[in-house]
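Under the numbering used here, the residue at position 70 of the sequence shown is numbered 147, and the numbers go up by one with no gaps. Cβ atoms here follow ideal geometry from the backbone N, Cα and C, with glycine treated the same way. Shown next, in structure tokens, is the structure this report addresses.
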Amino acid sequence: MSTRATKEALFDGFAQVAKALSNGRRAEIVDVLANGERSVESLADEVQQSIANTSQHLQILRNAGLVTARRKGTFVYYRLASPDVVGFWRALQSIARESRGDIERLVREYLGDDGDDIEELTKEELWKRVQRKDKLIVLDVRPQEEFDAGHLPGAVSI
Numbered sequence: 078m079s080t081r082a083t084k085e086a087l088f089d090g091f092a093q094v095a096k097a098l099s100n101g102r103r104a105e106i107v108d109v110l111a112n113g114e115r116s117v118e119s120l121a122d123e124v125q126q127s128i129a130n131t132s133q134h135l136q137i138l139r140n141a142g143l144v145t146a147r148r149k150g151t152f153v154y155y156r157l158a159s160p161d162v163v164g165f166w167r168a169l170q171s172i173a174r175e176s177r178g179d180i181e182r183l184v185r186e187y188l189g190d191d192g193d194d195i196e197e198l199t200k201e202e203l204w205k206r207v208q209r210k211d212k213l214i215v216l217d218v219r220p221q222e223e224f225d226a227g228h229l230p231g232a233v234s235i
């Protein structure tokens, strides 16, 4: 393979990964999977898509190397392929928030709150406070499935 052809193949590979996230439902699936493994049926319900459509989106994400699957009985469970995928997703969200003025407004609209009275903590800062045994109660408002997949010690699922 010539140097040019190799370079083009390399950048086409990068583009395939980016293209896998060029659909809002696939981006939403990655966001859900960032919180833990889910079955196709559970994902379809969460993103309000048919099982067939969700499966097609998952195949695109799988072909791009962003998710992996395992079979358990008649169910197929998907998870993100590596912690790097979570980092990539978080970086993409950060870039979108910085470069698109409407993203912050949409976040506030979706959450139904102006956010002024919520203290935003990184997971590192929250973990420090938990380890210092600061007086705090961690309320985990994620769906029970995500809470069961992993949560901070002492967190309460609501």
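Paired residues, beta bridge with residue i - DSSP
| i | result |
| --- | --- |
| F88 | None; F88 has no bridge partner. |
| S234 | D217 |
| Y154 | S116, R147 |
CA-to-CA distance, residue j to residue i, given in whole angstroms
| i | j | result |
| --- | --- | --- |
| L87 | M78 | 12 Å |
| G150 | D225 | 20 Å |
| L98 | L143 | 9 Å |
| I235 | V218 | 5 Å |
| P160 | R167 | 11 Å |
| E118 | R156 | 13 Å |
| V163 | A82 | 30 Å |
CA nearest to the CA of residue i, picked from the options
| i | options | result |
| --- | --- | --- |
| T222 | D161, G113, K96, V94 | In the sequence as presented, Thr is not what sits at residue 222; that position holds Glu. E222 has its Cα closest to that of G113, out of D161, G113, K96, V94. |
| S116 | A232, E201, Y154, K212 | Y154 |
| F91 | A173, R177, F165 | F165 |
| V94 | N140, G101, I214 | N140 |
| Q136 | E123, V107, V163 | V107 |
| F152 | P220, L213, G227, L120 | L120 |
| N100 | K210, D89, V124, K84 | V124 |
Backbone secondary structure at residue i - three-state DSSP
| i | result |
| --- | --- |
| T145 | strand |
| S245 | Beyond the ends of the chain as shown, which are 78 and 235, falls residue 245; an answer cannot be given. |
| S99 | coil |
| Q170 | helix |
| G164 | helix |
Distance cut-off 7 Å: residue i Cβ against heavy atoms of the ligand SAM
| i | result |
| --- | --- |
| A168 | What this structure holds is no ligand at all, so the ligand SAM is not there to describe. |
Assigned exposure category for residue i - 16 Cβ within 10 Å defines buried
| i | result |
| --- | --- |
| L110 | buried |
| R37 | Any question about residue 37 goes unanswered here, given that the chain covers just 78 to 235. |
| A104 | buried |
| L138 | buried |
| V233 | exposed |
| V184 | exposed |
| I172 | exposed |
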